[in-house]
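To keep things clear, I will list the structure first and then write my remarks on it.
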Ligand SMILES: [Zn+2]
Ligand SMILES: [Zn+2]
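Numbering (this note's numbering), first residue to last: 1090 to 1276.
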């Protein structure tokens, strides 16, 4: 994990912070994966514990590969279906305080609506604190549902939040710094 990257367990993919799919990343997020087999006559349930899997040397594997290792060896096939439990170490606003290369993006999820607004993390925390809705501990995933303002384009209130992360190693950042985000908004 690079020193100047998103928190452990998260990666920047095309400039947006998302959960990394490696077993080690699941361990960093303290996120268990549970499965149940839907094949007839099979009642198998499994729980993948990322930390234990890391201890067994599987940390660098993709979680999808590991799920495959748990398939039932039944002649009529396996109906094992997995779901992720909530991460016990979710992304929180204060993970990104003091980082000029980061913005919070609130996107409208209205039908074909493309409206979004970009905020500095510090501004968002100050707003939440003022309205007594939250603070730096607020989870990024829960932010969208807290926003009740109607979208200026489609007039609905259906927001989701994500985190924009521009690598400070890029030529673009070195040349124009925080103005990177102005360009993004214009585009
Ligand atoms: Zn089974
Ligand atoms: Zn909209």
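Where a beta carbon is used, it is the ideal one built from N, C-alpha and C, also for glycine.
Residue(s) in a DSSP beta bridge with residue i
i, result
"residue 1173", "1122"
"residue 1205", "1196"
"residue 1238", "BP columns for residue 1238 are empty, so no partner."
"residue 1255", "In the DSSP output, where bridge partners are listed per residue, residue 1255 has none listed."
"residue 1135", "1124"
Residue closest to residue i, alpha-carbon to alpha-carbon, out of the options
i, options, result
"residue 1101", "1220, 1148, 1192 and 1209", "1192"
"residue 1245", "1202, 1098 and 1135", "1202"
"residue 1241", "1174, 1136, 1141 and 1204", "1204"
"residue 1174", "1207, 1182, 1138 and 1154", "1138"
"residue 1213", "1182, 1159 and 1146", "1182"
"residue 1189", "1178, 1176, 1209 and 1109", "1209"
Distance cut-off 7 Å: residue i Cβ against heavy atoms of ligand 1
i, result
"residue 1225", "no"
"residue 1157", "no"
"residue 1169", "yes"
"residue 1240", "no"
"residue 1134", "no"
"residue 1202", "no"
Beta-carbon proximity list for residue i, same chain, < 8 Å, skipping 5 on both sides
i, result
"residue 1200", "1243"
"residue 1278", "Outside the displayed range of the chain (1090 to 1276) lies residue 1278, so it cannot be described from this structure."
"residue 1172", "1122, 1123 and 1124"
Inter-residue CB distance, residue i and residue j (contact presumed, cutoff 8 Å)
i, j, result
"residue 1251", "residue 1196", "7 Å"
"residue 1126", "residue 1158", "About 14 Å; that fails the 8 Å criterion."
"residue 1229", "residue 1180", "4 Å"
"residue 1194", "residue 1207", "5 Å"
Closer than 8 Å to chain C by CB, residue i
i, result
"residue 1195", "The displayed structure is made up of one protein chain only, and chain C is not part of it."
Residue i beta carbon near ligand 4 (any heavy atom closer than 7 Å)
i, result
"residue 1126", "Summarising the ligand content, the structure contains ligand 1 and ligand 2 and does not contain ligand 4."
Any non-hydrogen atom of ligand 2 closer than 7 Å to residue i Cβ
i, result
"residue 1195", "no"
"residue 1199", "yes"
"residue 1206", "no"
"residue 1268", "no"
Chain-order list of residues whose beta-carbon lies under 6 Å from that of residue i (same chain, five-residue window excluded)
i, result
"residue 1117", "1097 and 1098"
"residue 1162", "none"
"residue 1090", "Because the pLDDT of residue 1090 is 40, which lies under 50, any placement of that residue in the model is unreliable, and the number read from its coordinates should be weighed accordingly. Hits under 6 Å: 1097."
Spatial neighbours of residue i in its chain, beta-carbon cut-off 7 Å, leaving aside the 5 residues before and after
i, result
"residue 1217", "1223, 1224 and 1227"
"residue 1278", "An answer regarding residue 1278 cannot be provided, because it is not within the stretch 1090 to 1276 covered by the chain."
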